[in-house]
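Following: one structure in structure tokens, then a few remarks.
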Amino acid sequence: MFGYYIKLAAHSLRRNPGITSLMVLAVALGIAVCVVTLTVHHGMSSNPLWWKNDRVYAVTLDSWDPEQPADDKHPDLPPPQLTWRDAEAVTASGIPQHAVRMFKGYGVISNDGDGGGVRPENSIVRVTSADFFDLFDVPFRYGGGWKAAADAAPEPVAVLSSETNERFFGGANSVGRTIRWNDRVYRIVGVLGEWHPAPTFYDLNNGAFQDPEAMYVPIGWAPSLELESAGNTNCWKPESIDSFAGFLASECIWIQVWVELPDAAARTRMQAWLDSYVAGERRSGRFQRPDNNRLTPIDEWLRINEVVRDDNRMLVALAFAFLAVCLINTVGLLLAKFLGRAAITGVRRALGASRRQVFLQHLAEAGMIAAVGAVLGVALSALGLHALRVMYASPREGFTGLMHVNAWSLGVAVAIAVGAALAAGLYPAWRIGRIAPSVYLKSQ
Amino acid sequence: MITQDIRPILSALLRNRTGAVLVALQVAIALAVLVNAVYIVKQRVDKIGRPTGVDIGNIIVIDTIGFGAGYDHMATVRDDLGWLRSQPGVRAATVVSQIPLSGSGSSNRLFKTPEAKGEGVPMNYFLLDDSGVDALGVKLAAGRKFRQEEILPEDPTFNQPVPSMIVTRALAKSLFGTDNAIGKVAYDALGRPVTVTGVIEHMQGSWVDWDKLDHVGLLPRQPSGPNATYLVRTEAGRRNAISKLAEEHLSASNARRVVQHVRPLDYYRNRSYQSDRNIAIFLVAVTALLACVTALGIFALATFNVNVRTRQIGTRRAVGARKVDVVRYFMVENWLITTGGVLLGAALALGVGYSLSRAYELPRLDLYYLVGGVVALWALGQAAAWQPARRAARIAPSVATRTV
Amino acid sequence: MLAMRHISKVFRTDLIETHALRDFSLEVAEGEFVAVTGPSGSGKTTFLNVAGLLEGFDTGTYHLDGVDTNGLSDDARSRLRNEKIGFIFQSFNLIPDLDIFDNVDVPLRYRRMKAAERRERITSALDLVGLASRAHHLPSQLSGGQQQRVAIARAIAGDPKFLLADEPTGNLDSLMARQVMDLLEQINEMGTTIVLVTHDPELARRAQRNVQVIDGQVSDFRPYEPHAQPATFAAAAAG
């Protein structure tokens, strides 16, 4: 029977090509606009380390000005970064399985004479502690990270991104070779595989879709080379800072801290440690705000940092309003079309078709429109996402990287198409199913 | 005449109302979206179009960084500026700590008294030299530009005080309650004084989304290395040629220094407004599509109605209706449906506008937009119904007597 | 085959009540060919709709092939129509965008029937009406008489016990009309009961028995002499 409905639907759709294409186009446009906005929205709100969401936490402490919160718009939140000394203390607590303190650095990377004449380039370099790679499950192509001892010494070692390795070493295994950063020589211990987390959840200070770092070096180099942050440094306290040591001891926040806590017990112990650490500091005159010591999982971290902006939510709402108009349009056209052939349906009913059979026949027609609309809609969304990539063409590769049709988008397209078939088809099919078989027979 | 038409058309509509209700719903949603989208687009366009206060079309930004022990920052900056200023077509060049309108900048707080009480007034500051005012092309309203001997050497601790500053009128008003601020003294958080030596009309600072974008101060200090960013203001029409020349010269002049970018200042402003601009484009595109879909829906349903009523129309013609009567019947019918949708849509538009104004902290939807939207949808509906109505009028009276 | 007893049906509007059928009784035996005649507005059409299970009625009983149709669900009525009744309409009512073969297929589609069996039935029905060679023409490519023969093929393809023909020759010229009537007689001789609704006494005369409806009641009947067949009907002309 199903095959018969499909045959009838195809027949009926071919009969009014104008109306059919209008309905298919309406459904396709509705699906396309929704898929485009939802794909971007989904990409923005996705957690690139979802499998560790219950183990990995951002650490924040409220060391800010007793007179006012760090962010007027969100007075309940502690500042997003830590002071150097607090970051050092938290990572030295010994409780987390892995603990990372880090900041975004910069400087000129150049080859050390054995890589051919590659033009030196100012690059983003993450200055971080050894656990970075294990904590964030960063994949390596060659070699690996450095030992914790290299942070303390510090040792002149570096991990390259796959792009940097491509640029300076043509993609060859460069482990054991050397590279220069700000004209100092570093020994390469590891080369990353493809790793472009989007959003760059571990440092959201300068936007959630940043270029990946070109290189990673031990955090111990910060004090000895007096490295500044290329990200945000925020200070609230009037204090006279006249040396780098003074800066490290100041209340300025500029360090991100993440910890991996494998179970609830570890989490409880970590929270207790943070509370007691802050209590101790408070006795010496710091931390004069109420306790607000947080361990924030990644999902929550993305939310409170507003990675998905109001604008994006507005676009999703707009897309659904558009879809609604497209579907109402289709309902109207289907209804007009179905009622326009009420006489024929009357004949079918006279010949013994039940209401259910008439209903299903017409629902099949709506389903076929939705199916064709979905296929066209996916093609249109690919086009739309391409247009967005052009519109957002910028150094921010991480963002345009979200703008592709992926398995998730296809799933959304199918779900919307099924919903559309039901939304647009149910009422007209029901109406036509109610047609009394006798009404139209004599009236011709 | 028209009102005489309305009653029978309305009662015919009410007897067969599903199609009309569906069209009215489309019109309602279209109106709500259209009005709010246009309102938001207008806000974004206004935001992008705000005056920058600087000579935005004629400024080149050169972004460089030195590296290694062999790099002499002071000498490099001196040589670079000397070369840049000597080029024909260059009006002024300065070294600057941050690029205006780029989204990257520095700020601190100033206070009216040395005790530094209260929240203070935020100032988005730029370190630059005695050519700074000319290189930005900002208009001096009072006081004077920096003198060469006033420019302090670089301060790697970012903490040494400056004795003088040039501020925008807006910052002066916030600090002192008046823009007549020459000679007035403000204090930093440590109570160190800074005297206003110049007031400029207007300048936009670093962050386009900041509500104090025009709270800008210029400070007379050499920015510290190893970055050196230059602003070069050229004569009209010379920007691109000088950019090319400067990139070639600076790239070759010093092996210990990398020229990262030579870009017009426009580039940074466009990049900062990229998301506003793209949202506006997206809103316009979807709203236009929405209008098209709605118009096509009205058109298709009107066409269907004409087809279904062929015999009825023929009969009307047979009993004496003129073509114009038939056209008017369909146009009035369409107008009634659209009006129903517009009434519902006005309520919807106000609701959406209210929730958007809460989410964005914007002023409430301006009613002129609603009026404009209503008129636009009436026109859209009438335009979409025109062709089917004309087709109805062409139906021959003889169909009334024809058997199937 | 068909037994209507004391059927009445009233159409009500705000202003008036129209008695379309009043205490209408009629029995048709299996194998009969009955013509129902009457002037316009006499209730013929209502009788047709009730007899064909297209509409219900207010009071009385109606048994079709032994099945009491009172209180049947819409689905059950659909199934009865599909299996027991073949319809032939004045305006043919072929589906314009299906070809001849598919038109005859329509009632069969609403039964659980194998494709091979459907094809066989369609072919033999089209053979019977002499249009097998036109199976893949569209209705618009046929003459009126041919279209009505397709409609007859469609009516008999499901092998119903009972054919209900509504002015089957109303839209045809006399030659074509005769062909259609010949065909109906042929089908009746093969055992199918036929009720023919018409206002045309000439046509009615070809039936075995005539029933005249006036004002929603059976007012007159003329048994067909040669087959002195069932006189079991009760033509109660009460009041």
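First to last, the sequence lines map onto chains A, B and C. Quick note: to get our numbering, add 4 to the position in the first sequence (first position is 1). Quick note: to get our numbering, add 1245 to the position in the second sequence (first position is 1). Quick note: to get our numbering, add 15 to the position in the third sequence (first position is 1). For each residue, glycine too, the CB sits at the ideal point set by N, CA and C. Just so it is clear, the structure is predicted and the values come from calculations on it, not from any experiment.
Residue burial classification, residue i (beta-carbon count within 10 angstroms, cutoff 16)
| i | result |
| --- | --- |
| A/S166 | buried |
| C/E45 | exposed |
| B/E1360 | exposed |
| B/D1459 | buried |
| B/F1544 | buried |
| C/M205 | exposed |
| B/P1608 | exposed |
| A/M5 | exposed |
| B/V1290 | exposed |
| B/P1633 | buried |
Distance between residue j and residue i (C-alpha atoms, nearest Å)
| i | j | result |
| --- | --- | --- |
| A/N57 | B/S1349 | 31 Å |
| A/L252 | B/I1526 | 46 Å |
| B/A1415 | A/D76 | 22 Å |
| C/D197 | C/A172 | 18 Å |
| A/L384 | A/P203 | 25 Å |
| B/P1471 | B/D1521 | 33 Å |
| B/L1535 | A/F326 | 6 Å |
| A/K151 | A/M106 | 16 Å |
| C/N85 | A/A440 | 17 Å |
| B/T1413 | B/D1375 | 17 Å |
| C/T59 | C/D230 | For the record, residue 59 of chain C in the displayed sequence is Lys; it is not Thr. Cα to Cα, the separation comes out at about 9 Å. |
| C/A246 | C/Y125 | Any reading at C/A246 needs caution, since the residue's pLDDT is 40, under 50, leaving its predicted position unreliable; the model's value is listed next. Using only the alpha carbons, I get a separation of about 36 Å. |
| A/A346 | A/R435 | 10 Å |
| A/G119 | A/F172 | Unreliable placement is indicated for A/G119, whose pLDDT of 49 sits below 50; the coordinate value is still reported in the next sentence. Each residue's Cα considered, the two are about 6 Å apart. |
| A/S442 | B/G1586 | 35 Å |
| B/A1338 | B/I1307 | 10 Å |
| A/L65 | A/A283 | 11 Å |
| A/L426 | A/V329 | 15 Å |
| A/D279 | A/R271 | 12 Å |
| A/A428 | A/A30 | 11 Å |
Distance CB(residue i)-CB(residue j) smaller than 8 Å
| i | j | result |
| --- | --- | --- |
| A/E232 | A/S67 | no |
| B/S1342 | B/L1372 | yes |
| B/Q1467 | B/L1397 | yes |
| C/I14 | C/V144 | Any property of residue 14 of chain C remains undetermined from this structure, which presents chain C solely from 16 to 254. |
| B/L1270 | B/A1621 | no |
| C/T138 | C/K176 | no |
| C/L13 | C/Q161 | The requested residue 13 of chain C is not part of the displayed model; chain C covers only 16 to 254. |
| A/L139 | A/M219 | no |
| A/G356 | C/P122 | yes |
| B/I1427 | B/V1439 | no |
| B/Y1512 | B/L1329 | no |
| C/V165 | C/V119 | yes |
| A/V261 | A/V44 | no |
| A/G34 | A/A424 | yes |
| A/G111 | A/W185 | yes |
Candidates the options, of which the one nearest residue i by Cα
| i | options | result |
| --- | --- | --- |
| A/D187 | A/G289, A/A152, A/A218 and A/D116 | A/D116 |
| B/V1441 | B/S1409, B/V1461 and B/Q1449 | B/S1409 |
| C/Q232 | C/E98, C/S93 and C/S23 | C/S23 |
| A/V320 | A/H46, A/H102 and A/E285 | A/H46 |
| A/P227 | A/G7, A/R89, A/L33 and A/V376 | A/R89 |
| B/A1257 | B/V1453, B/T1532, B/I1582 and B/G1443 | B/I1582 |
| A/D315 | B/A1277, B/N1425, B/R1508 and B/I1285 | B/I1285 |
| B/L1541 | B/V1619, B/A1630 and B/P1333 | B/A1630 |
| A/Q85 | A/T237, A/R287 and A/G111 | A/T237 |
| A/V161 | A/F144, A/R145 and A/G194 | A/G194 |
Would you call the segment 172-185 of chain C and the segment 212-227 of chain C in contact, with 3 or more CB pairs under 8 Å? Taking 8 Å as the limit for Cβ pairs, the verdict is that the segment 212-227 of chain C does touch the segment 172-185 of chain C.
Can we say the segment 403-421 of chain A touches the segment 1547-1556 of chain B, given the rule of at least three CB pairs closer than 8 Å? Counting Cβ pairs under 8 Å, fewer than three are found: no touch.
If you measure beta-carbon to beta-carbon, which residues of the segment 1353-1374 of chain B are closer than 8 Å to chain E? Judged by its chain identifiers, the structure shown contains no chain E, and its protein chains are A, B and C.
How about the segment 363-372 of chain A and the segment 72-90 of chain C: do they share at least three Cβ pairs that are nearer than 8 Å? Two segments are said to touch when three or more pairs of C-beta atoms, one from each, lie closer than 8 Å; by this definition the segment 363-372 of chain A does not touch the segment 72-90 of chain C.
May I ask you to verify whether the segment 1307-1318 of chain B touches the segment 1351-1360 of chain B, counting CB pairs closer than 8 Å and requiring at least 3? No, because fewer than three Cβ pairs between the segment 1307-1318 of chain B and the segment 1351-1360 of chain B fall closer than 8 Å, the two stretches do not touch.
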